[in-house]
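Peer 1:
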Amino acid sequence: MCTNINLDEKVVKYNSDNIFFVSDFHFNHTKLCEGYEVHFDRTRKYQTIEEMNADIVEQWNKTVGDNDIVFFLGDIFLGTPGSKLLENYTHYMSQLHFKRMYFLRGNHDFDMFKKLNKNPQYEDPRVARFAENYLTATYKGKNYFIQHYAIDKDPMFGIVDNLNHCINEGMNFDYIVHGHTHSDVKLSEIRDVDNYKVQNNVCWDAWYRPVNINELVLTKE
Numbered sequence: 001m002c003t004n005i006n007l008d009e010k011v012v013k014y015n016s017d018n019i020f021f022v023s024d025f026h027f028n029h030t031k032l033c034e035g036y037e038v039h040f041d042r043t044r045k046y047q048t049i050e051e052m053n054a055d056i057v058e059q060w061n062k063t064v065g066d067n068d069i070v071f072f073l074g075d076i077f078l079g080t081p082g083s084k085l086l087e088n089y090t091h092y093m094s095q096l097h098f099k100r101m102y103f104l105r106g107n108h109d110f111d112m113f114k115k116l117n118k119n120p121q122y123e124d125p126r127v128a129r130f131a132e133n134y135l136t137a138t139y140k141g142k143n144y145f146i147q148h149y150a151i152d153k154d155p156m157f158g159i160v161d162n163l164n165h166c167i168n169e170g171m172n173f174d175y176i177v178h179g180h181t182h183s184d185v186k187l188s189e190i191r192d193v194d195n196y197k198v199q200n201n202v203c204w205d206a207w208y209r210p211v212n213i214n215e216l217v218l219t220k221e
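Under this note's numbering, the residues of the sequence shown are numbered 1 to 221, in order.
Shown next, in the form of structure tokens:
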């Protein structure tokens, strides 16, 4: 059964201006910063992790308000020692503005999720965590497929089975949203699922801020 967040049925009705998507902060990940000797060929614009971490918080808070909801598609940290994960989690969550976060587990979130399950005192009551790497959402009659991974048969960068599973359950999607790839390309083609054409990449690397729901592109246009 696909987990669905039906925003149309919530007691509090949200305007589209209050709904955002973002993925792959990778707080503390030195290889994403061009200022370090060892880094990826495709890096972010930052020289240090301190600069990157601070800018993520700043740009988030410029975009997201205290009454907004955010779908976070996974991978909050990489490079944080296991002994510091819970401390870092509460540190950064306490700085971010939002009313509700739906947090999908990314491929780098397993250890942190386990630690939070064992230490619930570190949980943020505003955050709903999902052990799955995908869920669906409904807003104003439109259906959203939201997954950490892109839709592709490449096992390193995409998973198509979850989408097919939800389609087989009778769901039809208007928007496909993903993270994980760290690409700066905001839209990419879907080649492996009939009738679905494009998917929206909400990685930090593509936007350098959370993405409003109004900025997403229909998958079948």
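Note that CB positions come from ideal geometry on N, CA and C, so glycine has one too.
By alpha-carbon positions, which one of ARG209, TYR175 and ASP184 ends up nearest to THR219?
Peer 2: TYR175
Peer 1: Which residue marks the beginning of the alpha helix (DSSP H) containing ILE49, and which one marks its end?
Peer 2: 49-63
Peer 1: If we cut at 7 Å on Cβ distances, does ASN143 have a partner in chain B?
Peer 2: Checking the listed chains, one finds no chain B in this structure; it contains a single protein chain.
Peer 1: By DSSP, does TYR144 sit in helix, in strand, or in coil?
Peer 2: strand
Peer 1: For MET230, which option in ILE5, TRP204 and ASN200 has the closest C-alpha, if you only look at C-alpha atoms?
Peer 2: Here the chain comprises residues numbered 1 to 221, so residue 230 is not present and cannot be evaluated.
Peer 1: Within 10 Å of its beta-carbon, does ASP24 have 16 or more other beta-carbons around it, so buried, or fewer, so exposed?
Peer 2: buried
Peer 1: Using 8 Å for Cβ pairs, my map puts VAL193 next to ILE151. What's the rounded Cβ distance?
Peer 2: 6 Å
Peer 1: Quick one: give me the first and last residue of the beta strand (DSSP E) that PHE21 is part of.
Peer 2: 19-22
Peer 1: Using 10 angstroms around the beta-carbon of GLN147, count the other beta-carbons present and answer buried if the total reaches 16, otherwise exposed.
Peer 2: buried
Peer 1: According to the Cβ coordinates, are VAL185 and ASN200 closer than 7 Å?
Peer 2: It is not a contact, given that the beta carbons lie outside the stated cut-off.
Peer 1: In its own chain, which residues sit with a C-beta less than 6 Å from the C-beta of ALA128, not counting the 5 before and 5 after it?
Peer 2: TYR102
Peer 1: Who are the near neighbours of GLN47 in its chain, counting only those whose CB is closer than 7 Å to its CB and skipping five residues on each side?
Peer 2: CYS33, GLU34 and GLY35
Peer 1: Is the beta carbon of THR30 closer than 7 Å to that of ILE56?
Peer 2: no
Peer 1: Tell me which residues share the same chain as ALA131 and place their Cβ nearer than 7 Å to its Cβ, disregarding the 5 neighbours each side in the sequence.
Peer 2: ARG105 and PHE113
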